[in-house]
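These notes concern the structure reproduced below.
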Amino acid sequence: MSLFSTLNTGYSGLNVNQQAIATTSNNISNASNPDYARQRTQIVSASSIHAPNGDIGMGAKVETTVRIKNDYLFSRYENTNKDLSYFNTLQENVNEIANYFPDVQDVGLNKDIKDYYDAWSNFANNPNDNAVKVDLASKTQTLSNTIKETREKIDNLNKSIDSQVSVYTNEVNDLAKTIANLNGQINKVEANNTTHANDLRDKRDAAEKRLIELTGATVSKDGIQSMGQIDPNIADYEENYTINLGGYPLVDNSTFHPLEINPSQKSSQDFNSIYFKKQDGSTVDITKDIPKQSVIGGLLEFRGTTYDEHGNTTDGYSSKYIDELDAFSKTLIQNTNSIYAYSAQEEPTGEELFNPISLTDNQINNYPLSSPAVEKSLHNPVRDGDLTLSTYDNNGKFVKDIKISIDKDKSLQDNLDNINNELKNNNVDYEAKIQNGNIVFAKTDTNGDGELSNGALLVKDDGSLLFDALNDVQTKNISKANDTDLPLPIKDGNFDIVIYNDDGDELARRTITVNSKSEDPMYSTMDGILSQINMSNIDDNDDNDSSNDVDDFYKAEFTNGALSLNKKTDDTTYVGFDNDTSNFGGAMGINNFFSGTDSSNISLNQKFIDNPELLHAYKAPSDGNNDVANDMVQMQYDDLDFTTRDGTTQNTISGYYRYMVSDIANDSDRINTNVDNQQALYNTIEQEYQSVSGVNLDEEMTALMKYQNGYQASAKVINTISTMLDTLMGLKT
C-alpha cells in the first residue's frame, strides 16, 4: 500500500467528520424548531483492499444521513395533539355559551324573570293604575329582549363556527395539496434508494400533523423501514403513503383529491356541509363522517350536522342549548297566554295558525283531483280511499259512522256530491260545501222534516288524504297537528268557556274536554273541540232554559286558519277561558299577552307595546277584579311542562332556568376536566417523542466535540503522511 493511498485514507477521515459536523450543526440550528427531526450521518468503512496478509482498510465514507424518527411514536403524538385540539375547540365554545347564562342572582335572565313577576304582583295590587301597566309592559319587554338577545348570541356563535369550518376546510385542501406535492419531490430525491429527503419529510410531517389535527383523517404508510443498525428508534421511510377522510382518499401518494364546502340544502341557516370530490367530478357529503376527535369535528359537534323538517339542527351542543331556551320560552309564552285568555273579551280572535288551500271554481268543478291542474295547488296528492265521518245528536252523543269512497279521478265537486248523497241517505242534517275554497259541513234540513237533528259532523278518518290535501288542519288529530302544524302545542286536558255580562256577572260556563288519544274526533280534533263549544242542546246552567247557554251567546269557528268566537246576540257580552289545563287558549293565540313562538321571536303583544293601558288584570270585566294578575303571580310557583326533543320535564319557571344554567355548567366542567387530562397526556407523549426525535443540545455538543477530534486526528494523519513524503523526497535529492 502506497503512502498516497494512506494519504487518501486520512482525507476520507477529514471528509466524513466534516459532513458529520455539518449535520450536527444543522441539528443545533434547528433545536427550537418543533417540526424538525434530528439527523445523524451514517459513517461506514470504505471498501478495503484484499491483500494476502489481510485486508487493508481504505478509510471511511458517509453512506447516508437519516432522521431519528419513529413513525409509530409520531402517530401517537399526532393523535394526542388532535384529541387535545378537539377538547380545546369544545372548551372555547361551551365556555362562551356559559357567559350568556350567568349564574348570578341579580344579573341577566335570572334578574329579568324576578322583575317580571314582581311587576305582575304590583299589577295585582294596583289593577287600575296605568303607571303600573306601563311598568309591567316595560319589564315584559326587557325579559323578552334578554331571551332574544341570548338566542341571537348563540345563533351568531353558530354562524362564526360555520365560517371556521369553511376556513379550515380550505386549509385542509392546501395542506393535502402540499403533502401530495412533497410526496412527489420525496420520491424523486429518494429514487436511488440511498439518499433520504429528510427536510422534505419534516415539512410533510408538519403538514400531516396539522391536517390530522383539523380533520382526524387516517394516515396509512406501507413499507416502513426499521434501521436498528443505525438507531433502534428509527422506523421511517415508507414506500406507499395515503390519507383517508370519511372513507375517501384525500391523498394517494402524489395525487390530491380536493374537498368542497357548500351550504347544505337541508339547513335553513345555510350552514355548510363538506363534500368529497370524486375523479368524475361528482361529490358526496362526508360532513357526518368527519371524525369528532378533531378541530373540524369539534366545531361540527358543537354546531350540529342533522336537520329537522324546518332546517334546524337537532344535534350538537348549541342545538341542545337552543332547544332548552326554546322550551323555556314556549312554556312561558303558552302558559302566560293561556292565563291571559281568561281575561274576557267581546269577540276575541286568535292567531292565524295555518293557511287552508283555496281552489278556484274551475279547479273545483272541471278537473279531477289527480290532474296536474289541481295537484299543483294541493298540500299533498289525494288518493283513492275511504272517508269516515262521525255523526252526533244535539246533545253531543255519538250516533254512527258513515264511510264514503273518495275517487281521485273525479273532480272535488263530484266527490262532494257523492258525500252529500251519502249524508242524505243516512238522514244526516249536514251538507258538504265549498266555502272560501275549503270544505265545510253546514247544517241543512236534508230530509225536509223541519228539524236539525244532528249537532255535529266530524272527520274521523281520512284514508283519501282529501282534507290533508286542502290543509284543513282542524280535522287532524291534535297530536299530529301539534307535530306538523301548530307553533305551540295543545295538551290533553280541559278548559272552561265562560260568558259574562257587562257587569262582570257570569252568564254561562261550559267545560270542554281535549283528549288526543281518543278515537272520537269530538275530543281529539280541533273541529271536535269547536263542536263541543257550539253544541246546541246542552243546559250549561241546569235551569231548563235553552236560551242562556254558551252556544246561545257565541259561535266558535275557524276562519282562514284562525279561531274566532263570534257573538250571536246584540247584547253586550264577554267571553273568556278558565281552568285551562290543555293550554288551548294559548295555543290558539286568543287575546295573546306574548306574541311569538320561541326564543327567537318572543315579545310582548304589539298592541300592549303601543298602549300598555289596554292591559287587564281581570277575568270578569269589572273594575277591581285582579284574578288574571293573581294567576300570573301564582304561575311562577307552579310546576309546568317544559318539552325538548329529549322529552318533557316539570319545573317552575325559575327552576328550569337554573336547570339550563346547571346543564351548561356541567358540560363546561366536564370538558374542562377532559382538557386538563388530555393536556397532561399530550405533555407526556410530546416529551417521549421529543426525547427520540427532538434535538438535545448536550448530546449535540458531545457529538460535535467527537467529530471535531476526529477531524483533527485525520488532519494529523495527513500531516504525518505529508512529513513522510517530504522525507522520502529528501532522500532522492
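So in this note's numbering, the last one in the sequence shown is 737, and the numbering has no gaps at all. The beta-carbon is built from N, C-alpha and C at its ideal position, and this holds for glycine as well. Note that the structure is a prediction, hence the values are computed from the model and not measured.
Residues near residue i by beta carbon distance below 8 Å, same chain, minus five either side
| i | result |
| --- | --- |
| Tyr715 | Gly17, Leu18, Asn21, Gln22, Ile25 |
| Thr656 | Gln640, Tyr641, Asp642, Asp643, Leu644 |
| Asp509 | Ala624 |
| Lys163 | Gln273 |
| Val679 | Leu88, Phe91, Asn92, Gln95 |
Paired residues, beta bridge with residue i - DSSP
| i | result |
| --- | --- |
| Ile410 | Gly389 |
| Asp582 | Asp500 |
| Glu351 | None; Glu351 has no bridge partner. |
| Pro267 | Asn276 |
| Pro253 | Asn248 |
| Asp466 | Leu391 |
| Arg44 | Val70 |
| Asn458 | Asp397 |
| Val288 | Phe280 |
| Pro360 | Paired residues: none, contrary to the question. |
Residue i to residue j span [Cα, whole Å]
| i | j | result |
| --- | --- | --- |
| Lys270 | Gln682 | 35 Å |
| Ala747 | Pro491 | The chain is shown only over 5 to 737; residue 747 falls outside these bounds and no answer can be derived. |
| Asn583 | Pro376 | 48 Å |
| Glu156 | Ile606 | 12 Å |
| Lys437 | Glu313 | 33 Å |
| Asp256 | Tyr245 | 6 Å |
| Thr677 | Asn670 | 11 Å |
| Lys152 | His261 | 43 Å |
| Lys720 | Thr727 | 10 Å |
| Ala141 | Leu357 | 25 Å |
| Glu426 | Gln478 | 23 Å |
| Asn431 | Ile542 | 22 Å |
| Asn596 | Ala345 | 7 Å |
| Pro385 | Ser347 | 42 Å |
| Ser672 | Phe91 | 11 Å |
| Tyr311 | Leu416 | 36 Å |
| Tyr711 | Arg71 | 18 Å |
| Lys484 | Ser599 | 23 Å |
| Lys324 | Thr318 | 8 Å |
| Asn316 | Thr688 | 41 Å |
| Asp489 | Leu147 | 27 Å |
| Ser333 | Asp397 | 41 Å |
| Val223 | Asn185 | 16 Å |
| Ile533 | Ser286 | 53 Å |
| Asn191 | Pro38 | 24 Å |
| Asn630 | Pro131 | 6 Å |
| Pro493 | Asn486 | 5 Å |
| Gly302 | Thr144 | 37 Å |
Residue interval of the alpha helix (DSSP H) (run including residue i)
| i | result |
| --- | --- |
| Phe306 | 299-307 |
| Tyr344 | 321-344 |
| Phe557 | 554-557 |
| Glu96 | 75-104 |
| Asn429 | 416-429 |
| Ala485 | 482-488 |
| Ala377 | 376-379 |
Close beta carbons around residue i, own chain, < 7 Å, minus the five adjacent residues each side
| i | result |
| --- | --- |
| Leu304 | Val169, Thr291, Ile294 |
| Asp87 | Gln297, Gln682 |
| Ser520 | Asn481, Ile482, Ser483, Asp496, Ser528 |
| Ala35 | Val699, Leu701 |
| Tyr371 | Ala377, Val378, Ser415 |
Where the beta strand (DSSP E) containing residue i begins and where it ends
| i | result |
| --- | --- |
| Lys118 | Per DSSP, Lys118 belongs to no beta strand (DSSP E); it is in the alpha helix (DSSP H), 112-129. |
| Glu67 | 64-71 |
| Ala566 | 566-571 |
| Lys437 | 434-439 |
| Lys447 | 442-447 |
| Thr656 | Neither: Thr656 is in no beta strand (DSSP E) and is coded neither H nor E. |
| Thr647 | 644-648 |
Nonlocal neighbours in the same chain, by C-beta distance under 6 Å from residue i, ignoring five residues either side
| i | result |
| --- | --- |
| Ala717 | none |
| Gly593 | Gly354, Glu355 |
| Asp327 | Thr648, Arg649 |
| Asp309 | For the sequence presented, residue 309 should be read as Thr rather than Asp. So the list reads Thr291, Lys292, once near-sequence residues are dropped. |
| Ser522 | Ser528 |
| Asn97 | Phe306 |
| Ser457 | Asp433 |
> Counting only runs that start and end within the region 147-231, where is the beta strand (DSSP E) found for 3 or more residues in a row?
Replying inline: 222-226
> In chain order, which alpha helix (DSSP H) runs of at least 4 residues are fully inside the region 696-737?
Replying inline: 701-736
> What are the complete alpha helix (DSSP H) segments, minimum 4 residues, inside the region 579-631?
Replying inline: 588-592, 610-614
>> Which complete beta strand (DSSP E) runs does the region 492-545 hold, if anything under 3 residues is left out?
In response: 497-505, 510-518
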